[in-house]
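Mapping the sequence shown onto our numbering, position 269 (from 1) lands on 268, and the numbers just tick up by one.
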Amino acid sequence: MTDGPKKLRSRAWFDNPDDPGMTALYLERYLNYGLTRDELQSGKPIIGIAQSGSDLSPCNRPLMDHAKRVREGIREAGGICFEFPVHPIQETGKRPTASLDRNLAYLGLVEVLYGYPLDGVVLTIGCDKTTPAMLMAAATVDIPAIALSGGPMLNGWHKGKRAGSGSIIWLAREMLARGEIDYEGFMEMAAASAPSPGWCNTMGTATTMNSLAEALGMSLPGCAAIPAPHRERAQISYETGKRIVEMVREDLKPSDILTREAFENAIAVSSAIGGSTNAPIHIAAIARHAGVELDLQEWERIGKDIPLLVNLQPAGEYLAEDFHRAGGVPAVIGAMMEKGLIREGALTVSGKTMGENCRGKGSEDADVIRGFDNPLQKAAGFRVMRGNLFDNAIMKTSTISPDFRARYLSNPDDPEAFVGRAIVFDGPEDYHHRIDDPSLGIDANCILFMRGAGPIGYPGAAEVVNMRAPDYLLKQGIRELPCIGDGRQSGTSGSPSILNASPEAAANGPLALLKTGDKVRVDLKTGSVDALVSEPDWAMRKAQLEAAGGYAYPDHQTPWQEIQRGCVDQLGNGMVLKPAVKYQRIASKGLPRDNH
Ligand code: FES
Ligand code: MG
0 MTDGPKKLRS RAWFDNPDDP GMTALYLERY LNYGLTRDEL QSGKPIIGIA
50 QSGSDLSPCN RPLMDHAKRV REGIREAGGI CFEFPVHPIQ ETGKRPTASL
100 DRNLAYLGLV EVLYGYPLDG VVLTIGCDKT TPAMLMAAAT VDIPAIALSG
150 GPMLNGWHKG KRAGSGSIIW LAREMLARGE IDYEGFMEMA AASAPSPGWC
200 NTMGTATTMN SLAEALGMSL PGCAAIPAPH RERAQISYET GKRIVEMVRE
250 DLKPSDILTR EAFENAIAVS SAIGGSTNAP IHIAAIARHA GVELDLQEWE
300 RIGKDIPLLV NLQPAGEYLA EDFHRAGGVP AVIGAMMEKG LIREGALTVS
350 GKTMGENCRG KGSEDADVIR GFDNPLQKAA GFRVMRGNLF DNAIMKTSTI
400 SPDFRARYLS NPDDPEAFVG RAIVFDGPED YHHRIDDPSL GIDANCILFM
450 RGAGPIGYPG AAEVVNMRAP DYLLKQGIRE LPCIGDGRQS GTSGSPSILN
500 ASPEAAANGP LALLKTGDKV RVDLKTGSVD ALVSEPDWAM RKAQLEAAGG
550 YAYPDHQTPW QEIQRGCVDQ LGNGMVLKPA VKYQRIASKG LPRDNH
């Protein structure tokens with residue numbers, strides 16, 4: 000932040016007395032729908048609204064309405080508003096996977112924020128990848144930016160019970176496999192979980208990332224949890240519009256907010272809310288673009304022993320409406336502050352510190368947001384795993400069910416370790432073709448491996464690591480087998496998989512050497528996963544893989560698939576575009592050249 004008013008960058012387009020020719024060129028087309036010269040030349044901040052909602056992005060579609068209130072807030076505070084579209088990223092609609100597009104939306108937004116006459120921007124966030132894409136771009140360009148969440152859906156209900164997004168699909172799949180419901184019943188359950196506009200009403204990746212945007216200090220207090228249809232959502236949209244104009248006047252930029260303290264707060268809050276296993280990937284990406292060193296190990300150091308306070312599906316029982324009524328993110332942070340778990344001095348978009356924003360805030364419903372004396376889980380963070388199959392992967396140990404624990408983690412001599420027989424699948428198609436094949440002999444002592452599902456292999460890293468057990472095991476009551484893979488897992492899934500393994504098989508990581516039938520040892524005490532294969536055998540497989548030209552994955556289908564595969568980093572490093580990371584705070588380094 001600086002003390003005095005700073006020359007607005009938009010002046011270089013719209014009001015450059017040294018170059019009337021260029022000023023006229025920049026100005027005239029923006030007058031053609033009714034803006035006046037006075038509006039564009041009287042020194043008012045020009046504010047972008049980066050619109051991520053569209054018919055293709057139903058999770059973010061409410062933001063198309065909320066933008067009207069944002070505009071009114073911007074006007075009220077004396078700014079001029081330009082709304083523009085952001086590349087759509089719909090988690091449930093985009094093939095082969097929405098995460099392929101996170102970096103594409105990032106790149107597009109960087110060009111827009113840098114190349115147009117914008118003094119500040121409202122980032123409209125919601126569905127899983129839209130939040131990190133926008134925050135990454137804001138960090139790179141570093142003009143004043145504030146995030147506005149579109150809000151979750153209302154609670155879903157099915158037969159008198161809360162029906163949560165995604166979570167109900169996993170349940171319905173199992174019921175269909177057991178013959179308890181038919182196709183119609185399946186579709187009815189799925190639709191019941193989506194009762195209104197908004198994003199997933201569970202603590203999936205969307206609610207996680209919007210909550211973490213707030214924990215990072217990038218949105219106004221309370222912004223994440225307000226359901227999309229509630230009046231408070233329109234009201235905070237208006238407040239957000241007013242606030243961004245003030246932020247431009249204060250020159251309060253992402254680099255003032257996205258500090259090391261902010262990221263430590265995000266990691267801590269992620270544990271307390273039961274955050275998605277996608278959070279470490281996206282938080283790493285935002286940190287890298289912000290120039291903050293954040294090793295994956297920090298998730299274990301800061302987050303592992305923080306208890307789970309928020310009782311939302313998939314880990315708990317409630318949904319987003321309940322989270323909002325219980326006080327949302329400020330209530331969680333307020334409670335954590337009393338335990339000294341929050342860096343209170345971290346600055347936020349409100350212009351105040353996190354401590355000033357959240358002090359005295361607490362739960363309004365002790366069953367939905369629990370106290371530290373009554374948490375859902377004692378240690379809710381991630382374990383970072385490593386071994387001879389990969390350098391790093393994460394595991395949400397808090398989702399290990401009593402059933403799973405009894406089956407795999409009850410050896411009295413070695414209670415936190417088990418050895419299983421590997422069943423290896425190369426991509427989800429291979430898994431679907433073979434999972435129910437009796438000749439594989441899958442039993443309760445097997446570990447399912449998914450590879451070819453990472454940033455390069457899939458491409459884009461798909462949410463395919465949590466694999467259901469074969470039908471014949473489900474019928475015997477064996478619901479889950481241990482799953483390990485180089486892809487991701489849906490934040491709405493409660494499986495205790497070991498995922499995001501880096502390097503992936505397609506980068507010729509050692510996972511590519513594993514064979515069905517190998518014994519693999521998983522040890523939660525030491526955080527290790529190792530194939531029990533002899534050194535000579537391992538070396539021979541390595542030579543064979545090299546001779547075969549490396550791990551094979553599907554051909555590129557689009558230009559972007561090829562471009563991204565050529566320069567994308569691994570999940571443990573945030574899956575960022577490697578050449579992009581060196582471009583930091585670019586707005587402070589000057590303006591782009593004139594366009595004529
Ligand atoms: Fe968009 Fe879950 S699918 S938020
Ligand atoms: Mg998902």
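Virtual Cβ for every residue (Gly too), placed ideally from N, Cα, C.
Any non-hydrogen atom of the ligand FES closer than 7 Å to Gly203 Cβ: yes
Check: Ser53 C-beta below 7 Å from any heavy atom of the ligand FES: no
Any non-hydrogen atom of the ligand FES within 7 Å of Trp198 CB: yes
Proximity to Gly486 [Cα-Cα], best of Glu231, Ala392, Asp255 and Ile88: Ala392
Start and end residues, alpha helix (DSSP H) containing Ile46: Not the alpha helix (DSSP H): Ile46 falls in the beta strand (DSSP E), residues Ile45 to Gln50.
Nearest-angstrom Cβ-Cβ length linking Ala505 and Gly453, presumed shorter than 8 Å: 6 Å
Whole-number beta carbon distance between Lys241 and Ala76, since they are thought to touch under 8 Å: 4 Å
Alpha-carbon to alpha-carbon, Asn154 and Thr396: 27 Å
Unbroken stretches of the alpha helix (DSSP H), 4 residues or longer, contained in the segment 173-204: 182-191
Minimum length 4: unbroken alpha helix (DSSP H) runs contained in the segment 367-434: 401-407 and 427-433
Ordered list of alpha helix (DSSP H) runs contained in the segment 261-324, each at least 4 residues: 278-289 and 319-324
Thr139 (DSSP reduced to helix, strand or coil): helix
Cα-Cα separation between Tyr25 and Asp14, rounded to whole angstroms: 9 Å
Cβ pair count under 8 Å reaching 3, the segment 310-324 against the segment 368-377: yes
Heavy atom of the ligand FES within 7 Å of Ser148 beta-carbon: no
beta-carbon Thr352 near the ligand FES non-hydrogen atom, thresh 7 Å: no
6 Å CB neighbourhood of Leu447 in its chain, flanking five on each side removed: Ile422, Met466, Leu480 and Cys482
Whether Asn200 touches Ser164 by CB criterion (8 Å): yes
Identified DSSP bridge partners for Leu147: Thr123
Leu308 beta carbon less than 8 Å from that of Pro374: yes
Cutoff 7 Å; reference Phe403; Cβ partners in own chain excluding five residues on either side: Glu479 and Pro495
Three-way DSSP call (helix, strand, coil) for Met0 in this model: Legend: pLDDT at Met0 = 48, less than 50; position of this residue unreliable, value from coordinates given subsequently. Met0: coil per DSSP, three-state reduction.
Element boundaries [beta strand (DSSP E), containing Pro61]: Segment Pro61 to Glu75 is the alpha helix (DSSP H) holding Pro61; no beta strand (DSSP E) there.
C-alpha distance - Gly159 paired with Pro196, whole-angstrom precision: 21 Å
Nearest-angstrom Cα separation, counted from Arg385 out to Phe417: 15 Å
Sequence-distant residues of the same chain with beta carbon closer than 6 Å to Arg94, five excluded per side: none
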